[in-house]
Amino acid sequence: MKKILTLCMIHNDTHMLLGMKKRGFGEGRWNGFGGKVTDGEAIEEATKRELKEEAGITVVDIDKRGIIGFSFENNSEMIEVHIFSACNFEGEPTESEEMRPQWFAKDEIPFDTMWIDDEHWIPMFLEGKKFRGNFHFTEDEKSIISYNIEEVLEL
Numbered sequence: 083m084k085k086i087l088t089l090c091m092i093h094n095d096t097h098m099l100l101g102m103k104k105r106g107f108g109e110g111r112w113n114g115f116g117g118k119v120t121d122g123e124a125i126e127e128a129t130k131r132e133l134k135e136e137a138g139i140t141v142v143d144i145d146k147r148g149i150i151g152f153s154f155e156n157n158s159e160m161i162e163v164h165i166f167s168a169c170n171f172e173g174e175p176t177e178s179e180e181m182r183p184q185w186f187a188k189d190e191i192p193f194d195t196m197w198i199d200d201e202h203w204i205p206m207f208l209e210g211k212k213f214r215g216n217f218h219f220t221e222d223e224k225s226i227i228s229y230n231i232e233e234v235l236e237l
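To convert, count from 1 in the sequence shown and add 82; that's the numbering used here.
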């Protein structure tokens, strides 16, 4: 079984906006903004909806930059995350019940309090590359058993 999720990384030339996840899957970690795609919803529309719900902002345009598959030991469910970039948005990032947004300088991204796969693909993302990959985690989500990530020309 495969679950489709979105993830949008808001950034400018010097900073990236991350959200501290306050509840649910990924609680206690800094992350981009996103979530589940509902039945009949386009992935791009889900991305925009999640940004509005989690950070109170409306993105002007989004650019698909990556697709990463995630699997976990002793779990048959596969998660496919579609990763987007956005530089232009309307509104002021605002805390929601789910996320507390905060800007980080690109050279001070808090990888030690993020998902451990992020340090493998965020540098490619910040270089403007498109990428595909897969990460297989231990059951407790604290270690990567295996992974591959590669630059691609198109998604």
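Backbone N, C-alpha and C fix where the C-beta goes; we use that ideal spot for every residue, glycine too. Small disclaimer: the values here were computed from a predicted structure and weren't measured.
Answer yes or no: do residue i and residue j have a C-beta to C-beta separation smaller than 8 angstroms?
| i | j | result |
| --- | --- | --- |
| A137 | M181 | yes |
| S167 | E135 | no |
| M91 | G114 | yes |
| I150 | N216 | yes |
Along the chain, where does the alpha helix (DSSP H) containing residue i start, and where does it finish?
| i | result |
| --- | --- |
| K134 | 125-137 |
| W203 | 200-208 |
Could you check where the beta strand (DSSP E) with residue i kicks off and where it finishes?
| i | result |
| --- | --- |
| C90 | 84-93 |
| I165 | 157-168 |
| F193 | Taken as a continuous stretch (DSSP letters only), F193 belongs to no beta strand (DSSP E), as it is neither H nor E. |
| I149 | 145-154 |
Rounded to whole angstroms, what's the CA-CA distance from residue i to residue j? Just pull it up for me.
| i | j | result |
| --- | --- | --- |
| D189 | P205 | 10 angstroms |
| I226 | E236 | 26 angstroms |
| E155 | I144 | 32 angstroms |
| N170 | I139 | 10 angstroms |
| E162 | P183 | 24 angstroms |
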